[in-house]
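Following: one structure in structure tokens, then a few remarks.
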Amino acid sequence: MTGQSLELDNIEILKLISQSDFILWRVNQNGIITLSLGDGHHLIGLQEDELHLKNIFEFFSDSLVLVKYLNFALSGERFKAPIEIYGSIFDVSFYPTNNKKAEIYCVLVNITDHKRIELELRENESRYRRLSEASYEGVGIIQNGLIIDANRSLADMFGYRTYEILGLPTISMIEESSKSTILENLSSNYERPYHIKAIRKDGSIYDAEISHKLIPSENKNLKVIAVRDITERLLSEQAIKQKNRELEDINRTIKKQNLELEAAYLKIKQSKERNLKIENQLIQANKMISLGTLAAGIGHEISQPLNALKITIDGIEFWYQQGKSFDEKSLREKLKKASNHANRIAEIISQLRSLYNKKPREIKPTSINTLITKVLSTQKSTLDKEHIQFQLSLDENIPNALVNSIQFEQVIINLLNNSIYALSHSNTKDKCIKIKTTLANNVILLTFEDNGLGFKNSIKQIFDPFYSNKQGEGMGLGLSLIHTFISSWDGDIFASNSKNGGALFLISLKIDQS
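Taken in order, the sequence shown gives residues 27 to 540; the numbers are from this note's numbering.
See the structure below:
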């Protein structure tokens, strides 16, 4: 699959997510939001682009719980929980990513309405329970259809005083549509509660639940009745049914969104897998390019002394084939020249071995000030010959650095040789090399500066093997070797042009913490 088709797939996925009601965040292991998509950002009062590089902990009140959720996702598990953000409730899903970085996906679905309906539902149920527990049933005794005794609750329920309700026909307090039902149930000794329409003293009609039971006595027409006003209960039941319907609609919407989310997640996963495959192919191609560059560089560097060596030996052989001979002095000179060419080839191979040798060297606490002074003492005659001054500013209070002492000496020697070459080919009058050591932020900083030719070409290439500014005089391995040594100590080296027009190197080294 081409990069263009991958890009189109990604655009389609991003468009799908951006138009959805949910919010998608990609979060790294420190809680920083590196990607934010979706159409629901207004619910937290921010635009999509305002969330970039914000910390996820700003939006969650319980940091300890959030850390637990993040750790679950970073360990490869999916986790979902309702979380309140700025007064809104979100159903937050934590998904592991498919890449090698320590990142997760957070998907936020707004369920505030869902929770509000649940709360209203619980409030209605609670109100219904309170009414049931607090209300007293209206209880009365009827004989031959007349109320002969009643409690205050029954009288209040129908709008009478207690004495007023006594002697009233039961049927007189029942709405016309329910009279036949109650007469039938009273005559058949039906005992289960049932729904009727009741009439108050003022003529208002309300819903009531009534039950009656025959009282064991000699008088078979004696019954106890219990009446309960169920108006509030019916209203609550209707409200509950309505909220349940709304809840079902929301659940269907959430289910649909979850299906869309799963589909989008699957597409992202597949796209990541395709990108990873292409990335591996590109890495392999770059390796082949680097190998070709290395082979070309080695061939170029070795071919010159090798050709010179062959010409010298062929010349000697040709001379003898012509029946001629050399005097001892001439022969020695030619053999010495051949030996120098062979030594040149050996030197190139030796430096290449040092450059690509991955065998660990001994790294131990070392006084770099001492090593710098030692190297400069061996180079003093060369510096004097080229009329080069050097200025040392070595901080005596810096701790030991973690380096390989032999390699560190080679670093200083190579930097000195480069500066000496640059200064000897420049028109600078006051030729100078400055070396400074200091401690900053628990790291030793070594500054190496000259006022020579500086870097005329791309600074980015100076640490590449076989890259040289010496125009045919150098192999281009010195700075590459320096970079390899310093990297093996977990240090860093940076190069730039100094303010004086020369070269400036800044080296950072780890210190001995023991």
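For each residue, glycine too, the CB sits at the ideal point set by N, CA and C.
In chain order, what residues of the same chain lie with their CB nearer than 6 Å to the CB of residue i, ignoring the 5 residues before and after it?
i	result
Trp345	none
Ile143	Lys269, Glu272, Leu273
Cys458	Gln415, Asn477
Glu475	Lys460, Ser524, Leu530
Leu472	Thr463, Ile533
Thr454	Asn477
His238	Lys249, Ile251
Leu212	none
Gly3	As shown, the chain starts at 27 and ends at 540. That puts residue 3 outside it, with no answer to give.
Residue i: which of the options sits nearest, CA to CA?
i	options	result
Ala267	Tyr447, Glu146, Phe83	First, the residue type needs correcting, since residue 267 is Lys and not Ala in the sequence shown. Selected option, being the one with the closest Cα: Glu146.
Gly57	Ile49, His68, Leu100, Gly64	Leu100
Ile508	Thr463, Phe83, Leu61, Glu435	Glu435
Leu465	Lys486, Pro425, Ile459, Phe481	Pro425
Thr188	Ser198, Gly171, Lys457, Asn177	Asn177
Asn369	Gly349, Leu335, Lys355	Leu335
Arg226	Ser237, Ile167, Ile197, Asp75	Ile197
Ala521	Asn444, Ser89, Ile398, Gly113	Asn444
Leu420	Ile398, Ser403, Thr408, Asp410	Ile398
Gly64	Leu261, Glu74, Gln55	Glu74
Tyr220	Lys106, Ile371, Asp255	Asp255
Arg259	Glu149, Asp275, Asn526	Glu149
Report the rounded CA-to-CA distance for residue i versus residue j, giving the unit in angstroms.
i	j	result
Gly478	Glu412	12 Å
Asp8	Ser365	The shown model of the chain, from 27 to 540, leaves out residue 8, and the question about it has no answer.
Tyr291	Thr123	10 Å
Leu50	Val133	5 Å
Gln283	Asp518	49 Å
Gly171	Ile236	15 Å
Leu79	Ile438	42 Å
Arg278	Val469	59 Å
Ser431	Val401	11 Å
Ile488	Glu103	46 Å
Ala529	Glu359	39 Å
Arg155	Glu76	Reliability fails at Arg155, whose pLDDT of 41 lies under 50, so the model's placement of it is uncertain and the value that follows must be treated cautiously. Distance between the alpha carbons of Arg155 and Glu76: 47 Å.
Lys355	Leu505	39 Å
Glu190	Glu263	33 Å
Glu217	Ala181	22 Å
Ser351	Tyr447	41 Å
Glu299	Ile137	32 Å
Ile59	Asn81	6 Å
Gln169	Ser179	19 Å
Ile280	Asp139	12 Å
Gln30	Phe48	Note on Gln30: pLDDT 46, under 50, position unreliable in the model; the coordinate value appears next. Roughly 28 Å between the two C-alpha positions.
Leu418	Thr396	12 Å
Pro195	Leu209	12 Å
What does a CB cutoff of less than 7 Å around residue i pick up in its chain, not counting 5 residues either side in sequence?
i	result
Ser393	Asn426
Lys363	Thr338
Ser513	none
Met199	Phe184, Ala224, Ile225
Leu69	Ser114, Asn136
Thr408	Ile446
Once you ignore the five residues that flank residue i on each side, which residues in its own chain have a CB closer than 8 Å to its CB?
i	result
Leu9	Any question about residue 9 goes unanswered here, given that the chain covers just 27 to 540.
Glu159	Low confidence applies to Glu159: its pLDDT is 41, below 50, so where it sits in the model is not reliable, and the reading given next is rough at best. Excluding residues within five positions, none has a Cβ falling inside 8 Å.
Lys141	Pro108, Ile115
Asn440	Gly504, Leu505, Leu507, Ile508
Phe511	Asn430, Gln433, Phe434, Gln436, Val437
Leu192	Ile173, Ile174, Asp175, Ala176
Since residue i and residue j should fall inside the 8 Å C-beta cutoff, what is the C-beta to C-beta distance between them, to a whole number of angstroms?
i	j	result
Asn215	Leu240	5 Å
Ile130	Phe120	6 Å
Lys223	Ser206	That pair is no contact at about 12 Å.
Met183	Val253	6 Å
Ile167	Val250	6 Å
Thr257	Asp233	5 Å
Phe83	Leu92	6 Å
Gln405	Leu449	With a Cβ gap of about 13 Å, Gln405 and Leu449 do not count as contacting.
Name, in chain order, the residues that DSSP records as bridge partners for residue i.
i	result
Glu235	His221, Arg254
Glu129	Asn54
Ser114	Ile111
Pro391	Leu428
Phe86	DSSP output for Phe86 lists no bridge partner at all.
Lys120	For clarity, residue 120 is Phe in the given sequence; the question names Lys instead. Partner(s): Phe105, Cys132.
Ala521	Phe531
Phe416	Ile459
Lys249	Ile168, Leu240
Phe474	Ile461, Phe531
Val24	An answer regarding residue 24 cannot be provided, because it is not within the stretch 27 to 540 covered by the chain.
Gly64	Ile49
If we define contact as Cβ-Cβ less than 7 Å, is residue i a contact residue for chain C?
i	result
Ala289	Looking at the structure shown, chain C is missing, and only one protein chain is on hand.
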